[in-house]
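All remarks here apply to the structure that follows.
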Amino acid sequence: MEGFSVLLLLCIFFIILQLKSRRPKNFPPGPPTLPIVGNLLQLNLHNPLEDFERVRKRLQGMMLLFQCRELLWSQ
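For the sequence shown, the positions run -21 to -1, 1 to 54 when mature numbering (1 follows the signal peptide of the UniProt record, and there is no 0) is used.
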């Protein structure tokens, strides 16, 4: 019974995290995010600027990256 309670609490916790991490409809486009780590796992740690350039081209210069809470606008 104890294991079931822990499993149930973990499921509820991850569902709440997933619901809170959804973007509002008026937010600019951006790559999909993961709860807690945001976009960190999607970046090349040796050359993150190359990844930003690739995403910038795909999203026409404006993107929102979660966990940094900054709007990036580049031309």
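Backbone N, C-alpha and C define an ideal beta-carbon position, used for all residues, glycine too.
Alpha-carbon spacing of residue i relative to residue j, whole angstroms
| i | j | result |
| --- | --- | --- |
| D30 | G17 | 15 Å |
| L(-13) | N26 | 38 Å |
| F(-9) | F6 | 25 Å |
| N23 | R33 | 11 Å |
| L20 | F(-18) | 31 Å |
| K36 | V(-16) | 44 Å |
| K4 | Q(-4) | 16 Å |
| E(-20) | T12 | 32 Å |
Among the options, nearest to residue i - alpha-carbon criterion
| i | options | result |
| --- | --- | --- |
| K(-2) | S(-17), I15, V(-16) and L(-15) | I15 |
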